[in-house]
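Okay, so the sequence shown: first residue is 249 according to my numbering, each after it adds one. Down below is the structure, laid out as structure tokens.
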Amino acid sequence: MNPIPRSITRTLFRFRTEITSESSSLAIRELEVAKYKASASLRYLAGLVVLPWGISISLQKGLEPWVINWWNTNQSQKIFDYIQEESTLGRFEKIEELFMLERMVEDPLETDSQDPRIEIQKKMIELVKMYNQDCIQIILHLLTNIMGFAILSAYLILGKNKLAILNSWIQELFYSFSDTTKAFYILLATDLCIGFHSPHGWELLINWIFENYGLAHNERIISGLVSTFPVILDTIFKYWIFRRLNRTSPSLVVIYHSINE
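See below:
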């Protein structure tokens, strides 16, 4: 562990090269390396952004006919009976309430001419179709997410050299800012993740994950996760500031605490 801040060692190294004959050739090499890091990092970032989106669309298009055929063979309907029971019962209760409300609002003469059992049967058929479609979408999203995660993990593992270049480029870009700018970006990131209004964003994200994987909505679990994640991230941020920034840029820590207060 080097007790000297990185900014001081970098300045001393550049000063030494300035008074030697290697300064011009070193500047050219640094420029070439910087261009290579920037282009490789941007290409890798573009792959990380485009790859999940492309995988999701292609897998959904390719797997949807197979999932529909597999579900319609009646070999898998029991799998999601327990998972979807609460959601299905709640939806049936809403349909029944709407049906009773329609019966109350309609003209009595027109209502008497219709058989209530036929109307209920139609509503039940609609409910079954909606239930089957929801189950198919749950299976499709689950398979897509699992396969997409596996492909993305393989992309990260096979491209770990490019990931190291990306990490180095981000660090160089971050440390090229002034201490005030760095403190602003750190404060912005912490406020977005663990700020006063962040629980609402975490709640939306967790609800989306639950719906995407076909899990029943549970307020207790969601409230527990919303109250836990910001605490964990806050601890990680504080540890990073204490362990990393105190060693590399003590002045940045002072500015960050001054802005935060």
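Where is the CB? At the ideal position from N, CA and C, for every residue including glycine.
Comparing C-alpha distances from residue 459 to each of 385, 375, 421 shows the shortest one belongs to 385. Taken atom to atom, the span from the alpha-carbon of residue 434 to that of residue 445 is near 17 Å. Around the beta carbon of residue 402, a 10 Å sphere encloses fewer than 16 other beta carbons of the protein chains shown; the residue is thus reported as exposed.
In this structure, 392 is the residue among 286, 316, 392 with its C-alpha nearest to the C-alpha of residue 299. By the criterion of a C-beta distance shorter than 7 Å, residue 451 is surrounded in its chain by 470, 474, once the five residues flanking it on both sides are discounted. With three or more CB-CB distances shorter than 8 Å, the region 396–414 counts as touching the region 274–292. In the assembly as shown, residue 321 is an exposed residue. Its beta-carbon has fewer than 16 other beta-carbons within 10 Å. In the three-state DSSP reduction, residue 425 falls in the coil class, being neither helix nor strand. DSSP places residue 477 within a helical segment (H, G or I) once states are collapsed to three. Separation of residue 304 and residue 407 (C-alpha to C-alpha, rounded to the nearest whole angstrom) is 20 Å.
Classified as buried, residue 307 has 16 or more neighbouring CB atoms from the shown chains inside 10 Å of its CB. Taking all protein chains in view, the Cβ of residue 387 is crowded by 16 or more other Cβ atoms within 10 Å, so the residue is classified as buried.
With a beta-carbon spacing of about 4 Å, residue 503 and residue 431 fall inside the 8 Å limit used to define contacts. Beyond the five residues adjoining it in sequence on each side, residue 395 comes within less than 7 Å, by CB distance, of 307 in the same chain, given in chain order.
DSSP, reduced to helix, strand and coil, places residue 448 within a helical segment of the structure shown. Cα atoms of residue 472 and residue 379: separation of roughly 29 Å, rounded to the nearest angstrom. Leaving aside the five residues that flank residue 500 on each side, the residues in its chain whose CB is nearer than 7 Å to its CB run, in chain order, 427, 430, 431, 493.
Contact annotation: residue 441 and residue 498 have beta-carbon atoms that are not nearer than 8 Å.
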